[in-house]
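Undergrad: If you read the protein sequences in the order shown, they are chains V and F.
First residue of the first sequence? That's 1 in the working numbering, and the numbers climb one at a time after it.
First residue of the second sequence? That's 1 in the working numbering, and the numbers climb one at a time after it.
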Amino acid sequence: MPETLWTVLKVFIVVNVVMLHVAYVVYFERKVIGHMQARLGPMRVGWHGLLQPIADGIKLFFKEDIIPSSADKPVFYIAPVIGVIAAIASFAVIPMWEGFSLANINIGILYLLALSSIGSYSIILGGWASNSKYSFLGGLRSSAQVISYEIAMGMSLVGVMMLSGSANLTDIVNAQSQTWFIVSQPVAFFVFLMAAVAETNRTPFDLPEAETELVAGYATEYSGFRYGLFFMAEYAGMFAMSAVATVCFFGGWKGPDVWFLASIPGVVWFLLKIYGFIFFYFWIRATLPRYRYDQLMGLGWKLFIPLALANIIFTGLIKLL
Amino acid sequence: MNNSNSDNNPAIATKELTLNMGPQHPATHGVLRLVLDLNGETIVKCTPYVGYLHRGVEKLAENRNYMQILPLTDRLDYISAMSNNLGYCVAVEKLFDIELPERTEYIRTIVGELSRIVNHLLWLATHALDIGAMTVFLYCFREREKILDLFERLCGARLTVSYPRIGGLKNDVDAQWLEDLYAFTDEFPMRVEQYETLINKNRIWLRRTKGIGVISAEEAINWGLSGPTLRGSGVPYDVRKVTSYGVYDKVKWEVCTGKNGDIYDRYRVRMDEFGQSTSIIRQCIEQIPQGPIMADAPKFTLPAKDKVLTDMEHLIHHFVLITKGPQTAPEGELYVSTEVPKGELGFFFVSDGTGKPYRMRVRSPSFVHVSALPRLCEGEFVADIIANIGSIDIVLGECDR
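#1: Report the three-state DSSP secondary structure of Glu-150(V) (helix, strand or coil).
#2: Are the CB atoms of Met-36(V) and Thr-135(F) within a distance shorter than 8 Å?
#3: State the DSSP-derived secondary structure class of Asn-2(F), mapped to helix, strand or coil.
#4: Taking DSSP as the reference, what is the three-state secondary structure of Glu-313(F)?
#5: Is the CB-CB distance between Ile-43(F) and Gly-379(F) below 8 Å?
#6: Quick check: the Cα distance between Val-57(F) and Arg-116(F), rounded to an integer number of angstroms?
#7: For the region 231–303 of chain F, which segments carrying the beta strand (DSSP E) assignment without a break, of at least 3 residues, lie completely within its bounds, in sequence order?
#8: Check Met-43(V) in the structure and name its three-state DSSP category.
#9: Rounded to whole angstroms, what is the Cα-Cα separation between Cys-399(F) and Asn-131(V)?
#10: Using the Cβ count rule (16 or more neighbours within 10 Å means buried), how would you classify Gln-194(F)?
#11: Residues of chain F with CB under 8 Å from Leu-288(V), in chain order?
#12: Tell me which residues share the same chain as Val-173(F) and place their Cβ nearer than 7 Å to its Cβ, disregarding the 5 neighbours each side in the sequence.
#13: Taking its Cβ as the centre, do 16 or more other Cβ atoms sit within 10 Å of Pro-236(F), making it buried, or is it exposed?
#14: Where do the N-terminal and C-terminal ends of the alpha helix (DSSP H) with Thr-246(V) fall, by residue?
#15: Does the region 332–340 of chain F come within contact of the region 83–99 of chain F, defined as at least 3 CB pairs closer than 8 Å?
#16: What would DSSP say about Thr-170(V), mapped onto helix, strand or coil?
#17: For Asp-130(F), collect the residues of the same chain with a Cβ closer than 8 Å to its Cβ; drop the 5 residues on either side in sequence, then sort them by chain order.
#18: Using a cut-off of 7 Å between C-beta atoms, extract the partners of Val-215(V) located in chain F.
#19: Quick one: is Gln-185(V) near chain F, going by C-beta distance under 8 Å?
#20: For chain V, find out if any of its Cβ atoms is closer than 8 Å to the Cβ of Glu-41(F); answer yes or no.
#21: At a CB-CB cut-off below 8 Å, which residues of chain V make contact with Tyr-139(F)?
#22: If we count the other Cβ atoms within 10 Å of its Cβ and call it buried at 16 or more, is Gly-353(F) buried or exposed?
#23: State the start and end residues of the unbroken alpha helix (DSSP H) segment that holds Leu-51(V).
#24: Which whole runs of the alpha helix (DSSP H) in the region 76–150 of chain V are 4 residues long or more, in chain order?
#25: What's the call for Phe-12(V), buried or exposed, on a 16-neighbour Cβ count within 10 Å?
#26: So what does DSSP say about Leu-122(F), is it helix, strand or coil?
#27: With a CB to CB cut of under 7 Å and the five nearest residues on each side skipped, what residues in its chain are close to Tyr-121(V)?
#28: Check whether the Cβ atoms of Pro-181(F) and Ile-285(F) lie closer than 8 Å to each other.
#29: Quick check on Gln-276(F): buried or exposed, where buried means 16 or more other Cβ atoms within 10 Å of its Cβ?
#30: Buried or exposed for Asp-384(F), going by 16 or more other Cβ atoms inside 10 Å?
#31: Between the Cα of Phe-141(F) and those of Glu-152(F), Gly-132(F) and Trp-123(F), spot the shortest distance and give me the residue it belongs to.
#32: Assuming Arg-290(V) contacts Gly-132(F) under a Cβ cut-off of 8 Å, what Cβ separation, rounded to an integer in Å, is found between them?
#33: Starting from Asp-124(F), find everything on chain V with Cβ-Cβ shorter than 8 Å and list it in chain order.
#34: In angstroms with no decimal places, state the Cα-to-Cα distance between Arg-270(F) and Glu-254(F).
#35: Which first and last residues belong to the beta strand (DSSP E) in which Leu-34(F) is found?
#36: Could you give the first and the last residue of the continuous beta strand (DSSP E) run that contains Ile-43(F)?
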């Protein structure tokens, strides 16, 4: 019984830490992009706008939850919830420091890929159930995009699994004691990074919610906290993808073993690496325009998937020799 | 997405999805409404509906004297109000055969080109935002703000300026203003370079704009396109070169043209016009002579204040002009066009000899460009329609009038 209690407590803490991060990453994004765009970002609520995420949360929570009369109500209700659950559940297998992960399962990578697929259901169902043409187009775009980029993403991780000989995330981190996989698998990392951006629907692949074409894509008809859930799912998904990138290519919790740097706890390195990826997400959002739908599909099928396949063959050959 | 698989199966009926885009839509540049027939994401048919911003400017003009119409022209293309004011004033001056002092012509050219820069900045900002490049949007607004500040110092208004007057200007510019403007033109080309580094060689931008929305030179002329939208197809037609107004014949500048007539070339033409406009402004500031700013036109020019306070005839003249405006006008019909940032803006007057126009008709470039939108979009993707709307640079205030 204390064992179960302890697990529940751990889950509670991790979920809360993730939610806090999700709230403040929005603030971080607005600040980073604001400064890149010669403005300040939020400044009014609290010191330098530090309370802005809390104000936003309260506002979203108390807003009217409008449901279109022609919507498919049960599906409409459940869609954003699926997204949030899938995004947050990803953290169950992420090793955050030496010997700590909520569930140290042997198929960690498969579990993550499965959850990211489930996450796309929320967008497809949300777009479908809204019974609005813009949402519908957004949902269709999302399903096509997620399916094609999932393949590239899965295949880019195959190289990592081949090198470490395991799909267990802790084993993958331990296999990177000498060199990080970013060094031995740069192509796989590149494909993974692009696929991760596409999976989380971020610029330049933010077509499902392209505001200048589809108003707000799949989320057009959502309001109040249900919209907030979509938002949370997107940012939690970004964290999950950053965590996977950190674990699979950047040595997870491991930092450089020199001088005083060796005494810094692993979880700090882990978080710093994740923050680096998150910053990268924001950076490209401030820099790049958006792809067109057919160009995005072309890129996925004609560039990323062949690249990932070639990488697998190449890794296999190296391993054989 | 494509329905081609089910086309042969009689059990499954396929039909186009009709999508209503606008008038409330973030990317239709105001209140343009498009009804799209979609096959997957391909546009089969595009029908623009205009009129959501109709305020009856042309009809209102029939009940006002020539002086009172001026503020209405601000509201045509509110992004480049200065150019619209100028276009109107040039037309009325032609009707009344008014000769302008030289200094006025120079100042008008300066503010006209400034308004072109303001307009193109807003165009670039929104066009880039439509394609997803968010940062360019805010960078452009930074420079636009500086020019609007200059407008404010010049005449007190930032957007709806009403600065030109028939036969002259509201007030003279001071030396400090010209100096600050000169400093701005020093810095501005660097800023344009900054925008270009963000998008010019960006592969995503090129893929979104090159070879999309192509219209040949011949077709562009047949559709009645004008301004940068026409020049993007390689037609070197610019009203500033063809007719004479302002001091465009006294400064060195070139007509910028594209070659392929796609979105990218229209974009390039406008980006090049930043440079040309800046150069025109600089030359004007260097050459500007001293002198009066109002023409010797008793029908529109107020008498000097000291004379009004001491002399009965001048007092009456002042009183009549202010309360009633000009009472007579030359009879006849007249069409005068000027090059506003968006294209060729024409004013057509039918004058019956009274102080009010019998009919005023505005030939607005936006209206013509919207009509060409289906030609540009049909057969392309939903995302391209957004890029196309941006590339023809429309404003609905001018389109609907």
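We treat Cβ as the ideally placed atom computed from N, Cα and C, and that holds for glycine.
TA: Concretely, from the data shown:
#1: One-based indexing of the first sequence puts residue 150(V) at position 150. The answer is helix: DSSP assigns Glu-150(V) an H, G or I state.
#2: On the second sequence, position 135 is the one that residue 135(F) refers to. On the first sequence, position 36 is the one that residue 36(V) refers to. In this structure, Met-36(V) lies closer than 8 Å to Thr-135(F) by Cβ.
#3: Position 2 of the second sequence holds residue 2(F). Any reading at Asn-2(F) must be qualified, since the residue scores a pLDDT of 47, below 50, and its modelled position is unreliable; no value is offered.
#4: Your numbering for residue 313(F) matches position 313 in the second sequence. Glu-313(F) sits in a helix when the DSSP states are folded into three classes.
#5: As a first step, residue 43(F) is located in the second sequence; it is residue number 43 there, counting from the start. As a first step, residue 379(F) is located in the second sequence; it is residue number 379 there, counting from the start. Cβ atoms of Ile-43(F) and Gly-379(F): closer than 8 Å.
#6: Here residue 57(F) corresponds to residue number 57 of the second sequence, with the count starting at 1. Here residue 116(F) corresponds to residue number 116 of the second sequence, with the count starting at 1. Roughly 23 Å separates the two Cα atoms.
#7: Those beta strand (DSSP E) runs which fall completely within the region 231–303 of chain F and span 3+ residues do not exist here.
#8: Translated into positions along the first sequence, residue 43(V) becomes position 43. In the structure shown, Met-43(V) sits in coil (DSSP, three-state: anything other than H, G, I, E or B).
#9: Position 399 of the second sequence, counted from the start, is the residue given in the question as residue 399(F). Position 131 of the first sequence, counted from the start, is the residue given in the question as residue 131(V). Distance between the alpha carbons of Cys-399(F) and Asn-131(V) is about 33 Å.
#10: For the purposes of this step, residue 194(F) is identified with residue 194 of the second sequence, where counting begins at 1. By the neighbour-count criterion, in which 16 or more other beta carbons inside 10 Å mark a residue as buried, Gln-194(F) falls on the exposed side.
#11: For the purposes of this step, residue 288(V) is taken as residue 288 along the first sequence, with counting starting at 1. Within 8 Å Cβ-Cβ: Gly-132, Ala-133, Asn-202 and Ile-204.
#12: By one-based count along the second sequence, residue 173(F) stands at place 173. Cβ within range, chain order: Ile-107 and Leu-154.
#13: For the purposes of this step, residue 236(F) is taken as the residue at position 236 of the second sequence. Counting Cβ neighbours within 10 Å, Pro-236(F) comes out exposed, since fewer than 16 surround it.
#14: Here residue 246(V) refers to the residue found at position 246 when the first sequence is read from its first residue. Unbroken alpha helix (DSSP H) run through Thr-246(V): 224–249.
#15: Yes: at least three Cβ pairs fall under 8 Å.
#16: As a first step, residue 170(V) must be located in the first sequence, where it is residue number 170. Residue state, collapsed to three classes: helix.
#17: Locating residue 130(F) in the second sequence gives position 130, counting from the first residue. Only Ala-27, Ile-386, Ala-387, Ile-389 and Gly-390 meet the Cβ criterion.
#18: Against the first sequence, residue 215(V) aligns to sequence position 215. Within chain F, the C-beta atoms nearer than 7 Å to that of Val-215(V) come from His-25 and Pro-26, in chain order.
#19: Here the question's residue 185(V) lines up with position 185 in the first sequence. No - not a single Cβ of chain F is within 8 Å of the one on Gln-185(V).
#20: Taking the first residue of the second sequence as position 1, residue 41(F) is located at position 41. Output row for Glu-41(F): interface = yes.
#21: In the second sequence, residue 139(F) corresponds to position 139, counting from 1. Chain order gives the chain V residues near Tyr-139(F) as Gln-37 and Ala-38, where near means a beta carbon separation below 8 Å.
#22: Looking up residue 353(F) in the second sequence gives position 353. By the beta-carbon neighbour count (other beta carbons within 10 angstroms, threshold 16), Gly-353(F) is exposed.
#23: Counting from one through the first sequence, the residue named residue 51(V) turns up at place 51. Per DSSP, Leu-51(V) belongs to no alpha helix (DSSP H) and is neither H nor E.
#24: Counting only runs of 4 or more, we get 108–129.
#25: Translated into positions along the first sequence, residue 12(V) becomes position 12. That one is exposed.
#26: Sequence index remark: in the second sequence, residue 122(F) carries index 122 (1-based). Helix at Leu-122(F).
#27: As a working mapping, residue 121(V) is identified with position 121 in the first sequence. So the list reads Ile-82, once near-sequence residues are dropped.
#28: Within the second sequence, numbered from 1, the residue matching residue 181(F) stands at position 181. Within the second sequence, numbered from 1, the residue matching residue 285(F) stands at position 285. According to the sequence shown, residue 181(F) is Leu rather than Pro. It is a contact, given that the beta carbons lie within the stated cut-off.
#29: For the purposes of this step, residue 276(F) is taken as residue 276 along the second sequence, with counting starting at 1. Residue burial annotation: Gln-276(F) is buried, with at least 16 other C-beta atoms found within 10 angstroms of its C-beta.
#30: As a first step, residue 384(F) must be located in the second sequence, where it is residue number 384. Buried is the call here.
#31: Here residue 141(F) is taken as the residue at index 141 of the second sequence, counted from 1. It is Trp-123(F).
#32: Against the first sequence, residue 290(V) aligns to sequence position 290. Against the second sequence, residue 132(F) aligns to sequence position 132. Indeed, because the Cβ distance is near 3 Å, the residues count as touching under 8 Å.
#33: Mapped onto the second sequence, residue 124(F) falls at position 124. Sequence inspection shows Leu at residue 124(F); the Asp mentioned does not correspond to that position. By Cβ distance, chain V contributes nothing, its closest Cβ being about 13 Å from Leu-124(F), past 8 Å.
#34: Mapped onto the second sequence, residue 270(F) falls at position 270. Mapped onto the second sequence, residue 254(F) falls at position 254. A direct Cα-to-Cα measurement between Arg-270(F) and Glu-254(F) gives close to 13 Å.
#35: Sequence index remark: in the second sequence, residue 34(F) carries index 34 (1-based). In this chain, the beta strand (DSSP E) harbouring Leu-34(F) covers 33–39.
#36: Here residue 43(F) corresponds to residue number 43 of the second sequence, with the count starting at 1. From DSSP, the beta strand (DSSP E) with Ile-43(F) extends over 42–49.
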